[in-house]
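Participant: Protein chains in written order, with the numbering used here: chain A, 224 to 335; chain B, 5 to 116. Yeah, the Cβ is synthetic: ideal placement off N, Cα and C, and Gly gets one too.
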């Protein structure tokens with residue numbers, strides 16, 4: 224099992240550009256999450272999907288959209304990137320919401 | 005919503021000593037408290053977790069204690085080793101919302 228995978232690993236964008244971060248899991252998990260990690264701020268939830276077909280906002284959803292494409296895949300889209308979105312983005316999944324979350328390797332995004 | 009405070013932000017110990025990291029939470033309905041370890045440039049990985057119906061849990065050199073009345077929980081690492089050096093995050097799952105809220109992290113340095 225690959226676990227949770229994310230693409231790309233690194234990305235540099237100019238202000239105003241758009242991009243989609245991809246996440247996939249092969250553990251048959253129901254719940255998936257997107258976090259951002261900034262120095263000294265811990266992990267903050269952007270959006271989550273408790274089960275296939277549902278998505279909900281987390282702590283910091285502004286400037287982002289998500290799509291739960293199927294049970295395996297959960298993508299995060301930045302429509303118009305801003306320097307404040309420079310961060311490391313982690314995708315995670317769990318069997319259900321109250322179970323252990325498994326994290327992907329992360330995507331380091333820089334917006335200039 | 006849930007708020008999680010974590011202390012200290014940095015901790016330096018000598019190899020073989022014990023390390024204690026403390027977290028407090030605000031939502032009395034919170035019922036799940038995991039601890040994650042993140043090595044430099046890597047993904048967070050679960051090291052131990054505890055649910056609200058248990059007061060203490062141990063796994064070899066690692067233990068977590070939970071005081072529901074005071075709304076705090078702690079990570080205890082005994083006989084620390086250099087490979088324990090990492091950033092440790094506590095988290096709490098809010099009872100009403102169901103999402104994990106993370107503390108800001110503790111950077112543990114174990115000096116040989």
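Taking buried to mean at least 16 other C-beta atoms within 10 Å of its own C-beta, is residue 264 of chain A buried or exposed?
Facilitator: By the 10 Å Cβ count, residue 264 of chain A comes out exposed.
Participant: Which residues does DSSP list as the beta-bridge partners of residue 23 of chain B?
Facilitator: Under DSSP, the beta-bridge partners assigned to residue 23 of chain B are B:81.
Participant: Using the Cα positions of residue 33 of chain B and residue 54 of chain B, report the straight-line distance between them to the nearest angstrom.
Facilitator: The alpha-carbon of residue 33 of chain B is positioned some 14 Å away from that of residue 54 of chain B.
Participant: Under 8 Å Cβ-Cβ, which residues of chain A neighbour residue 53 of chain B?
Facilitator: 323
Participant: Exposed or buried, which one is residue 84 of chain B when buried takes at least 16 other CB atoms within 10 Å?
Facilitator: Burial call: buried.
Participant: Are the CB atoms of residue 266 of chain A and residue 286 of chain A nearer to each other than 8 Å?
Facilitator: no
Participant: I'd like to know whether the C-beta of residue 328 of chain A is nearer than 8 Å to at least one C-beta of chain B.
Facilitator: yes
Participant: Would you verify that the beta carbon of residue 266 of chain A is, or is not, closer than 8 Å to some beta carbon of chain B?
Facilitator: Residue 266 of chain A has a beta carbon lying within less than 8 Å of a beta carbon in chain B.
Participant: Rounded to whole angstroms, what's the CA-CA distance from residue 243 of chain A to residue 298 of chain A? Just pull it up for me.
Facilitator: Their backbone Cα atoms lie some 7 Å apart in a straight line.
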